[in-house]
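Each number in my numbering corresponds to the 1-based position in the sequence shown with 474 added. From the three backbone atoms N, C-alpha and C, an ideal C-beta is built for every residue, glycine too. Here is the structure we will look at, set down as structure tokens.
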Amino acid sequence: MTDRIVVLDGHTLVPDPTGAHELNWSDVQALGDVTVHERSASGEIIERLRGATVLLTNKVMISRQVLEALPELKYVGVTATGTNCVDLAAAKERGVIVTNVPGYGAASVAQHVFALLLELTNRVAAHDGAVRPRPGEPGWVGAKDWSFTVGPIVELADKTLGIVGLGAIGQRVAQIGAALGMHIAAAYQNSMKEVRLEGLEIEWLAVDELFAKSDVLTLHCPLTDETNHLVNAIRLAMMKSGAFLINTGRGGLIDESALANALRDGRIAGAGLDVLSTEPPAFDNPLLSAPRCLITPHVAWASLEARRRLLSIAAENIRAYQLGQPVNVVNA
């Protein structure tokens, strides 16, 4: 029997399938009767999935209620690494296999971590803006000196890079940090196992020690009950006043009000965020107006190369399921 495959939010992965350099759904279309929806509102999900045996979702929420309304659904493929968008327990109860796509974006996300960090430390955009003449501001062409700065520039060599979550992405970040001459430290607690990286010395610290010791703290752990608001007012108060916080994991890892207050009060030097607790954010999200806070719209994963790998692995996940040998199952 041919699987009826429904993609609920295809625009995220393939925003322009007709573009000369863009991706398409051909690998998935070879596996069944495929319908791709660019976006799906909550009220459209069940109707769009009626009769579907295979579902692909990136961020559209698949709740217990949705699963109970779809007796023919046998497989949910999350086109991402994180699986917060699916009620895994409910899926397991109903015998629905749920898979994810691990590791596809490690290089791209690690690159974005340092794009955020280097913007905070080197102020590239601010210096670029200061170079160009504007009304009342002559810029570099009218400067008295051959060189000028718009704020402190921070060298990363010999600074401590603290990493919470040393999985595929965290390991890439550690390697880049070490190449820049940084000392690498990582969080150790029951849910975060020690790993060894060849040629790289890692100092393992309790989470509170890591917050206190890090000059740069970057988050790469999953969002769970244990890690929700991992960054809070108490731990922000432990950090160095010159420290930077980077989050390319999940927005819920941070108490956003506490971080906004810390930035306004100068308790830390800056933050670079690719994720927020609600996406898109509410207009009154306090981080949107916080000083020294860089925010990008959840794009660390979205390089063309990473999305190409993601789509390929997602298709292979479906193929393995169809052969009765599912891989990357997250609700076994």
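| query | result |
| --- | --- |
| Just tell me which of G616, G506 and N721 has its CA closest to the CA of I643. | N721 |
| Spatial neighbours of A661 within its chain, please: CB distance less than 6 Å, with the 5 preceding and 5 following residues excluded, ordered by chain position. | V638, V681 and L684 |
| Determine the direct distance from the alpha carbon of L640 to that of P696, and round the result to whole angstroms. | 11 Å |
| Just checking my contact of L497 with R781 at CB under 8 Å: how many whole Å lie between their CB atoms? | 6 Å |
| For C767, write down the residues that DSSP places opposite it in a beta bridge. | A745 |
| Taking G636 and V550 to be in contact with their CB atoms under 8 Å, please state how far apart those CB atoms are, rounded to whole angstroms. | Contact flag wrong, Cβ pair sits at about 35 Å. |
| Please classify L487 as buried or exposed, where buried requires at least 16 neighbouring CB atoms within 10 angstroms. | buried |
| Which residue from P576, L547 and K548 puts its Cα closest to that of T557? | P576 |
| Cutting at 8 Å between CB atoms, please list the residues of its own chain near V803, excluding the five before and the five after it. | I571, V572 and T573 |
| Excluding the five sequence neighbours on either side, which residues of its own chain have a C-beta within less than 7 Å of the C-beta of G613, listed in chain order? | A604, V605, R606 and P607 |
| Is S665 buried or exposed, if buried means 16 or more other CB atoms sit within 10 Å of its CB? | Because S665 carries a pLDDT of 48, less than 50, the predicted location of this residue cannot be relied on, and the following value inherits that uncertainty. Under this definition S665 is an exposed residue. |
| If we ignore side chains and look at the alpha-carbon of each, how far apart do L594 and V801 end up? | 40 Å |
| For A711, collect the residues of the same chain with a Cβ closer than 6 Å to its Cβ; drop the 5 residues on either side in sequence, then sort them by chain order. | none |
| Which partner residues of R478 appear in the DSSP bridge assignment? | D507 |
| Please name the residue in G725, L562 and H772 whose C-alpha comes closest to that of N805. | L562 |
| Using the Cα positions of H694 and G716, report the straight-line distance between them to the nearest angstrom. | 21 Å |
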